[in-house]
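Student: First, the structure itself, so that you have it in front of you.
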Amino acid sequence: MTISNPSPSLYNEDLAPAQERKWGAFSIFNVWTSDVHSLWGYYLAASLFLLCGSFINFVIAIGIGSLVIFFLMSLVGNAGVKTGVPFPVLARASFGTFGANAPALVRAVVACFWYGAQTAAASGAIVALLIRNESMLAFHQNSHMLSHSTLEVICFVVVWALQLLIIQRGMETVRKFQDMAGPAVWVMMLVLAVYLVIKAGTFSFGAEIPRDVLLEKTKDAGIPGEPGSFPALAAVAATWITYFAALYLNFCDFSRYAKDTKTLRKGNLWGLPINLIAFCLVAGVTTTAAFTVYGEVLLHPEAISAKFDSWFLALLAALTFAVATLGINVVANFVSPAFDFSNVFPRQISFKRGGYIAALIALVLYPFAPWETGAAHFVNFIGSTMGPIFGIMMVDYYLIRKGELNVAALYQENGEFRFQNGWHTNAFIAFVIGALFSSILPTFTSILPDWWATYGWFFGVGIGGVVYYVLRMSARGSAVGATS
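Under my numbering, the first residue of the sequence shown carries the number 24, and numbering increases by one thereafter.
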């Protein structure tokens, strides 16, 4: 679609509807391999495995969670295919032409946090390899700066800089990189699992980690209930769903390049429930085998590979995990803020400049390392902030507009989506109320029960979406009454 006479404050070539749609099912599939197959993804899967208490429980909880993820991603993905617009532009339909900058900036800030977390994880894999050398180990232990070892800082900056090279040529380069990174980590994950199973001398899902070890390792996870209990399993599924909260918003940044909805559905089917479950199974097998071999629970794959007898295998693992983590950072945490920051100032900020801003913020955050906390805590807090936005956008697109959107009006200051001077009051009322219950009250007060924060994203989606629907229907009813 070509947009005629768009408002300069709402349009640039990067924000325009996608003209070339070359992404096939394999590229969509690799959006998910790049997003999931990272050190953080493995760490979360391994942590959740411990909380399930048994392999069967793990399959059930992760399986249900993965099916829900597939459904939710299909909702926003189909909107991207049909309209061809990125997330911040789609948000204009519900939040207003200028009001959409608010949810875009929320998503961008979240991406900056994750950008730093994933970069730190990738650099950690390199550090784990280097300290196998005695001189490097001594340097790592004795030299410090910015609240980290100097070696960690150097590795972080190097990995941080390498990511900037990937996006120099735009989204097509991103697609080619993810098509390489996703399968590469699958191969390395299988090598890691096979190596440990052979060394353990057994391939048995029944090799359970002792319960006292499970209790010790999961006591600070922020998940209610003992490992294996129903509350724990429900929380595992919820945390797994919440892990993807950021991409529920901006998956249309990628799906808009898909050839059609059939292609999207095929890529999502293989990339989400099938791939997610398989990846988690490998993480579970690896965790139990590593416990058998080393006598301790190792949740980080780089910590496992660092124990390899073979230096070459350890090198291969470190490089593969680093590349995989770069893949998720580019896909999930560079593309989104690049579009989001560009949406705020289309005339001044291009896709590339928006991405550079995100990378710079992640670099500034590194000394404070806000991501160095329990996996479940971090995921649930970060994800809960975006629940109300997702609820409002999906209610607006599917229930209010029935999947029909005037795309051209999304680029007009004085068009259909101007609302109140470019801001939609109803959307912001719904967002504030949703955010109050999804993140503000659970995080900063003790008014709500402890388990509430685990499901914060869901409360945000439900409350934000319902409030928005009621306000919209009330406004529509008032308008009809005024004209009758």
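Even for Gly, the Cβ is constructed at its ideal location relative to N, Cα and C.
(1) Per the DSSP calculation, H171 is bridged to which residue(s)?
(2) Considering only residues of the same chain and omitting the five flanking positions on each side of A114, which have a CB-CB separation below 7 Å?
(3) Taking the beta carbon of Y421 as the centre, do at least 16 other beta carbons fall within 10 Å, making it buried, or is it exposed?
(4) Tell me whether H167 is buried or exposed, calling it buried when 16 or more other Cβ atoms sit within 10 Å of its Cβ.
(5) Just confirm the distance between the C-beta atoms of T348 and L62, as a whole number of angstroms; I'd bet it's less than 8 Å.
(6) For G103, which residues from the same chain have a beta carbon less than 6 Å from its beta carbon, with the 5 sequence-adjacent residues on both sides left out?
(7) What do you reckon, are the CB atoms on S117 and H447 nearer than 8 Å?
(8) Would you report the Cα separation of A398 and T25, rounded to the nearest angstrom?
(9) So is Q435 buried or exposed if we call it buried at 16+ other beta carbons inside 10 Å?
(10) Under a three-way DSSP split, which group does A41 fall into?
(11) From V308 to A216, what distance separates their C-alpha atoms?
(12) Among F364, A381, V210, which one has its Cα closest to the Cα of A184?
(13) Sort R495, T265, G107, G487 by Cα distance to D283 and report the nearest one.
(14) Could you check what DSSP says for A116 in three-state terms: helix, strand or coil?
(15) Return the chain-ordered list of same chain residues with a C-beta closer than 7 Å to the C-beta of V133, the five sequence neighbours on each side being excluded.
(16) Could you tell me the boundaries of the alpha helix (DSSP H) in which V367 lies?
(17) In the structure shown, what three-state DSSP assignment does Q371 receive?
(18) Give me the Cβ distance between G479 and P465, rounded to the nearest whole Å; I'm assuming they're in contact under 8 Å.
(19) Distance, Cα to Cα, V490 vs S172?
(20) Report all residues from its chain with a CB closer than 7 Å to the CB of L386; omit the five preceding and five following residues, and keep chain order.
(21) Let me confirm a value: M496 is counted as buried when at least 16 other C-beta atoms fall within 10 Å, else exposed. Which label applies?
(22) Quick one: what's Q443 bridged to in DSSP?
(23) Hey, G414 and V484: beta-carbon distance below 8 Å or not?
(24) What would DSSP say about W46, mapped onto helix, strand or coil?
(25) Which same chain residues end up closer than 8 Å to L169 when comparing Cβ atoms and leaving out the 5 residues on each side of it in sequence?
(26) Comparing C-alpha positions only, which one of L342, T120, F368, A261 sits nearest to I149?
(27) Count the other C-beta atoms from every protein chain shown that fall within 10 angstroms of the C-beta of G294, then say buried if there are 16 or more, exposed otherwise.
(28) Using the three-state DSSP reduction, which class does A281 fall into: helix, strand or coil?
(29) State the Cα-Cα distance for the pair L494 and L74, rounded to the nearest angstrom.
(30) In this structure, how does DSSP classify Y421 when only helix, strand and coil are distinguished?
(31) Where does S507 sit, in a helix, a strand or coil, going by DSSP?
(32) In whole angstroms, what separates the C-alpha of G377 from that of L383?
(33) What first and last residue would you give for the alpha helix (DSSP H) that runs through F23?
(34) Give the DSSP-derived three-state secondary structure of A399 in the structure shown.
(35) Where S97 and Q164 are concerned, what is the direct C-alpha to C-alpha distance, given to the nearest angstrom?
Tutor: Once the coordinates are examined:
(1) M168
(2) A123, P126, A127, M416
(3) exposed
(4) exposed
(5) 5 Å
(6) C275, S278, R279
(7) yes
(8) With a pLDDT of only 48 at A398, under the threshold of 50, the placement of this residue in the model should not be trusted; the figure read from the coordinates follows. If you take the alpha carbons of A398 and T25, they lie about 44 Å apart.
(9) buried
(10) coil
(11) 7 Å
(12) A381
(13) G107
(14) helix
(15) A269, I405, T408, M409
(16) 358-367
(17) coil
(18) 5 Å
(19) 48 Å
(20) W183
(21) exposed
(22) W446
(23) yes
(24) strand
(25) V176, Y389, P390
(26) L342
(27) buried
(28) strand
(29) 40 Å
(30) helix
(31) Low confidence applies here, because S507 scores a pLDDT of 46, under 50, leaving its location unreliable; read the following figure in that light. If DSSP states are grouped into helix, strand and coil, S507 belongs with coil.
(32) 10 Å
(33) The shown model of the chain, from 24 to 507, leaves out residue 23, and the question about it has no answer.
(34) Low confidence applies to A399: its pLDDT is 48, below 50, so where it sits in the model is not reliable, and the reading given next is rough at best. Reduced to three states, the DSSP call for A399 is helix.
(35) 47 Å
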